[in-house]
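These protein sequence lines are chains D and C, in that order. One point on numbering: in the working numbering, the residue at position 10 of the first sequence is 10, and numbering is uninterrupted. One point on numbering: in the working numbering, the residue at position 214 of the second sequence is 603, and numbering is uninterrupted. No residue lacks a Cβ here, since even glycine has one placed at the ideal position from N, Cα and C.
Protein chains: 2
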Amino acid sequence: MDRTNAGTGAGRVGVAGSAGVNLPVLRSHNTALVLDLLRTAGAEGISRLELAERTGLTPQAVSKITARLRDEGLATEAGRRASTGGKPRTVLRLVPEAGHAVGLHLDRDELRAVLVDLTGTVVGERHTSLDLGAGAEAVVAAVAGEAGALMLGLSGAGSVLGVGVALPGPLDHKRGVLHRVTGFPQWNGFPLRDALARRLGGPVVVDKDTNAAALGLAVGGESGSFAYLHLATGLGAGLVIGGALHRGARTGAGEFGHQVVQLDGPPCGCGNRGCIEALCLAAMARGAVDEAAHVLGIGAGNLVALLDIDLVLLGGRTVTAAPDAFLRGVRTVLVERAGRLGEDPVPVRLASGGVAEGAAQLILAGLFNPSGAGSFSPSGVGPLTPSGV
Amino acid sequence: MDRTNAGTGAGRVGVAGSAGVNLPVLRSHNTALVLDLLRTAGAEGISRLELAERTGLTPQAVSKITARLRDEGLATEAGRRASTGGKPRTVLRLVPEAGHAVGLHLDRDELRAVLVDLTGTVVGERHTSLDLGAGAEAVVAAVAGEAGALMLGLSGAGSVLGVGVALPGPLDHKRGVLHRVTGFPQWNGFPLRDALARRLGGPVVVDKDTNAAALGLAVGGESGSFAYLHLATGLGAGLVIGGALHRGARTGAGEFGHQVVQLDGPPCGCGNRGCIEALCLAAMARGAVDEAAHVLGIGAGNLVALLDIDLVLLGGRTVTAAPDAFLRGVRTVLVERAGRLGEDPVPVRLASGGVAEGAAQLILAGLFNPSGAGSFSPSGVGPLTPSGV
DNA sequence: TCCACTTTCGCAACGCTGTTGCCAAAGTGC
DNA sequence: GCACTTTGGCAACAGCGTTGCGAAAGTGGA
C-alpha cells in the first residue's frame with residue numbers, strides 16, 4: 001500500500017519538468033541501465049567490459065555495480081567467453097527467478113493473466129471469461145482473484161513486484177482512473193488502480209492495452225521509435241519514441257483511429273466524419289480487406305511523416321485474421337512514400353507478444369528503466385500477498 | 390574546429406541508447422538545470438530556496454552550484470525579496486552578457502541574422518537578400534560574412550558560443566547535411582554545418598526552420614508538449630514533446646503538410662494525393678481562407694489525437710496575413726473534438742518570435758539543457774572569431 | 001531599545017559515487 | 001617454461017550532494 005505508483009515515472013519532485021540528480025538517483029539510474037543490458041543480453045549473458053562499453057562507465061564502476069547485483073541475487077556469473085589472448089571475459093546474466101510481475105489483460109469479454117519472471121518469460125497463466133458490464137465490485141473481485149491465484153506458489157524469495165493492468169478504454173495512467181470505457185459507462189471515473197492495490201496489497205499500474213502491447217514489444221527487442229497499430233473492434237496505436245512509451249500528459253496519445261483521412265467521409269461512432277477507424281471497419285464489413293489495409297497504410301504513412309519513426313508493427317484480431325493482406329497493403333503505401341522522397345522505406349512487420357505480457361512490463365519497467373523514480377530496492381518492495389482474496 | 394557538434398545532443402558514448410551517468414555528467418546536468426531556471430526567471434530573478442524546491446536538490450547543493458556560477462560570471466545577486474519573518478531571500482539572476490549566440494534564418498530569398506545574449510534577447514541584427522540558387526560557395530561566403538559582421542564588436546568576455554542555422558528543406562540535423570531543398574537540387578548532400586564551421590572556426594548547428602521556431606517558442610515560455618504549425622509557401626510543423634524538441638532519427642519529424650486527409654484528393658507536389666498542404670494551398674489560391682483554416686484545424690485535430698499535446702501554435706506568412714480566420718478555424722475543430730470527448734479543448738494561439746532567434750537557441754540549448762553532452766565549460770569554449778571573413 | 005524568534009545561507013565534516021593506480025589471475029603463443 | 005595480453009578486484013582518491021552547525025539579517029512583541 002505504501003507504493004501504489006511504482007513505475008509510473010512520477011518523480012519525487014512535484015514539478016513536472018526535469019529534476020535535479022543526486023547520488024542515489026545516479027546510482028539507481030546506472031543500476032537500472034546495467035540491469036536493462038543484462039535483460040537484453042538474455043540467457044547468453046554479457047561481460048563486464050561489454051557493459052562498460054555500452055554504458056560509457058569505467059570497467060571498475062561496472063564491477064562495483066554488478067557485484068552489488070550479485071549480492072542482491074539479481075545477477076550471476078554464467079560461464080566465460082573464448083579468450084582473445086588473455087584472461088577470458090566472465091559472462092554475467094540476469095537471475096530470472098529473482099523477481100516476478102503479474103500482467104492482466106482485461107478485454108471486453110475475457111481476462112488473461114500471466115505471471116512473468118524478470119526476463120519477461122511467462123511462468124504462469126490463467127484465462128477466464130469476464131463481463132465488464134457486471135459492475136466494478138464484481139469485476140475487481142474476479143480480477144483480484146485471478147491475480148492472487150497466479151501469485152500463490154511463489155516463495156518469498158522471488159516475490160511479486162506488482163501487478164500491471166491493461167484494458168481498452170481511455171483512462172488516466174498517472175492516477176489509475178478509468179474514463180468512459182466505450183460501451184460501459186458505469187466505469188467512468190472508477191479508480192481501478194487504487195481499488196486493486198487495496199485488495200492486493202501491492203503496487204498496481206494501469207494503462208491502455210495498446211500502450212502495454214507497445215511496451216511489451218519495446219522490451220521484446222524492438223528498438224528506437226516505432227508505432228504499434230492495433231485493429232480489432234477499434235483502431236488504436238501505441239507509440240514508442242526514442243525507446244520510451246509516449247502517453248501524453250493525459251494518457252490520450254495513440255488515438256490513431258480517430259484521425260480524419262477523408263474530409264467528407266462517412267460518420268464515425270465518435271461523432272466526427274471520415275475517421276480512419278470508421279473507414280477501416282466499413283471496408284472490413286464489406287469484406288474489402290485490401291481496401292482496409294490500404295486505408296491503414298495511409299494512416300501509417302501520416303504517422304511516419306509526422307514522427308519519423310523507424311518501424312510499424314501491426315496487430316489485433318482483424319490483422320491476425322488476414323496478416324498478409326494487411327502487411328502488403330501498409331507496406332505498399334510506405335514503399336511508395338519512400339520512393340517519392342528517395343528514402344529507405346520504413347519496415348512493416350507483424351507484432352508478436354501478448355498484451356498481458358506487456359502489462360507485466362509496466363511493473364518491470366520500474367526496475368529496468370533508468371528514468372528516475374522507479375528505482376529498485378529489493379528489500380524495500382515487500383512481497384505482494386493476496387490478502388484480500 | 391574541435392567541437393563542431395556542440396549542442397546537438399550527441400553523447401560521449403557512441404551507443405544511441407541511454408548512457409551511464411558519472412559525476413561530471415551529474416554536475417553538468419544539475420548546473421544546466423539551475424541555469425535554465427535562472428533563464429526562465431528572467432530579470433526578476435529567483436532565490437536559492439526556490440531553486441532548491443524546483444530542482445529537488447538541497448539548499449546547500451544549490452548554494453554550491455550558484456556559487457560556481459557566480460565565480461564563472463554567469464550569475465549574480467540581484468536584490469532581495471521581502472522578508473517573511475526572517476532573513477530575506479537573496480535573488481539571483483542570469484548575467485545576460487556572459488555569453489552570446491548567433492542565429493541565422495536562411496529563407497528562400499532572404500537571410501536574417503541575429504546576435505542574442507544568454508537570455509535570448511536580440512542585441513544585434515542584420516537582414517539581407519539571399520539567392521539560394523547562387524550556389525553553395527557563394528551562399529556560404531555571404532552567410533559567413535553576415536555572421537562575422539554581427540560578431541565583431543564583442544569583446545572576449547562575453548564571447549560567441551556558436552552559430553545556429555535554420556533553413557527550410559529536409560536535412561540531417563545530426564550530421565549537418567542538407568537533403569534536397571525544395572526547388573534547389575544543387576544543395577542536395579551539401580555539408581553546410583562543416584562548411585560554415587570551417588569558415589567561422591566555431592561550433593555550428595543546423596536544423597529545419599520549423600524546429601528552430603518551435604525551440605524558440607519552448608524557450609520563450611511555452612511548456613509541456615506543443616506543436617508549431619507553419620503555413621507559408623509550404624506547411625510544416627515543429628513538435629515539442631515533454632519540453633524537448635522531437636526531430637526523429639533522421640530529422641524527418643514534422644512533415645505535417647504531407648499527411649493525407651482526403652483519400653481521393655487532388656494531387657500534391659510531392660506526388661501523393663490529398664495532402665493537407667495541397668488542400669490548404671489550393672483553398673488559399675481560391676481565396677477561401679476559412680476553408681484553409683478548417684483543413685488546418687482537421688490536421689491539428691489529428692495531431693492532438695495522436696500525441697495528446699497541450700497546445701497548438703500557428704505561424705507563417707499565410708497565417709499572419711489573416712490570423713483571426715486561422716485561429717477561429719482551427720479552434721472550432723478542436724473545440725468540437727473536445728466536446729465530443731468531454732475534455733477541455735486544446736488551446737490555439739499565434740506563435741510569437743522569429744526563426745533566427747530560435748536558431749540561436751540551437752546553440753544556447755547546449756548550455757541550458759540538462760541532456761548530457763552539451764555541458765558548459767566557459768574556458769573550454771573558445772571565443773568564436775570570424776577568421777574566414 | 002532590547003530580546004526572542006524566524007529564515008537564509010555558508011563553512012566544515014561526511015557518506016557515497018565513479019575513477020585511478022596497482023597487482024593477482026588466467027589465458028595465448030613462442 | 002617464459003613473455004605477453006587481457007580481465008577484474010582491492011585500495012586510495014577526487015568530487016558530488018548531504019548533514020550539522022552557526023553567523024547574518026530580518027520581524028515583532030515587551
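Beta bridge pairing from DSSP links residue 132 (chain D) with no other residue. At a cut-off of 9 angstroms between beta carbons, residue 564 (chain C) makes no contact with chain D. For residue 68 (chain D), the CB contacts under 8 angstroms within the same chain, skipping 5 residues up- and downstream, are 31 in chain order. The straight-line gap separating the alpha-carbon atoms of residue 616 (chain C) and residue 88 (chain D) is approximately 52 angstroms. For residue 562 (chain C), the three-state secondary structure derived from DSSP is coil. Restricting attention to beta strand (DSSP E) runs no shorter than 3 residues, the region 99 to 166 of chain D encloses them at 100 to 106, 110 to 117, 122 to 129, ordered along the chain. Shown here, residue 198 (chain D) sits in a helix according to DSSP, grouped into three states. At a cut-off of 9 angstroms between beta-carbon atoms, residue 191 (chain D) makes no contact with chain C. Look at residue 739 (chain C) here: in three-state DSSP terms it is strand. Between residue 557 (chain C) and residue 495 (chain C), the gap from beta carbon to beta carbon is short of 9 angstroms. Contact note: residue 641 (chain C) reaches chain D through 308, using a C-beta cutoff of 7 angstroms and chain order. Counted as a single uninterrupted DSSP element, the stretch harbouring residue 470 (chain C) is not any alpha helix (DSSP H), since DSSP gives it neither H nor E. Straight-line measurement puts the Cα of residue 185 (chain D) at about 37 angstroms from the Cα of residue 221 (chain D). Contacts with chain C (Cβ-Cβ distance below 8 angstroms) from the region 215 to 234 of chain D involve 223, 224, 225, listed in chain order. From the listed residues D:275, D:148, D:80, the smallest Cα separation to residue 235 (chain D) is found for D:275. Residue 237 (chain D): not part of any alpha helix (DSSP H); member of the beta strand (DSSP E) spanning 235 to 241, first to last residue. Residue 147 (chain D) and residue 71 (chain D) have their C-alpha atoms some 30 angstroms from each other. In the three-state DSSP reduction, residue 648 (chain C) falls in the coil class, being neither helix nor strand. Between the beta-carbon of residue 296 (chain D) and that of residue 231 (chain D) there is about 7 angstroms, and that keeps the pair under the 8 angstroms contact cut. Rounded to the nearest angstrom, the gap between the Cα atoms of residue 551 (chain C) and residue 312 (chain D) is 38 angstroms. Listed by position along chain C, the residues whose Cβ is nearer than 9 angstroms to that of residue 249 (chain D) are 613, 614, 631, 697, 698, 699. The residues 480, in chain order, have a CB closer than 6 angstroms to that of residue 468 (chain C) in the same chain once the five nearest residues on each side in sequence are set aside. With respect to residue 118 (chain D), residue 39 (chain D) sits close: the two C-beta atoms are nearer than 9 angstroms. Interface criterion met: the Cβ of residue 256 (chain D) is under 9 angstroms from a Cβ in chain C.
Taking every protein chain shown into account, the CB of residue 648 (chain C) has 16 or more other CB atoms within 10 angstroms, so this residue is buried. With the rule of 3 Cβ pairs closer than 8 angstroms, the region 599 to 606 of chain C counts as touching the region 741 to 760 of chain C. Among the bridge pairs identified by DSSP, residue 436 (chain C) is matched with C:480.
Each residue's CA atom was taken as its position, placing residue 243 (chain D) and residue 510 (chain C) some 35 angstroms apart. In its chain, beyond the 5 residues on either side, 48 have a beta carbon closer than 8 angstroms to the beta carbon of residue 63 (chain D). Per the coordinates, the alpha-carbon of residue 653 (chain C) lies some 20 angstroms from the alpha-carbon of residue 306 (chain D).
Within chain D, the residues placing a beta-carbon under 9 angstroms from that of residue 652 (chain C) are 261, 262, 265, 274, 279, 294, 295, 298, ordered along the chain. When Cβ-Cβ separations below 9 angstroms define contact, residue 626 (chain C) makes contact with chain D.
Rounded to the nearest whole angstrom, the C-alpha separation of residue 322 (chain D) and residue 642 (chain C) is 31 angstroms. Listed as beta-bridge partners of residue 71 (chain D) by DSSP are no residues whatsoever. Going by beta carbons, residue 502 (chain C) and residue 539 (chain C) fall inside the 9 angstroms limit.
Neighbourhood of residue 727 (chain C) in chain D, by CB distance below 8 angstroms: empty, with the nearest CB roughly 11 angstroms away.
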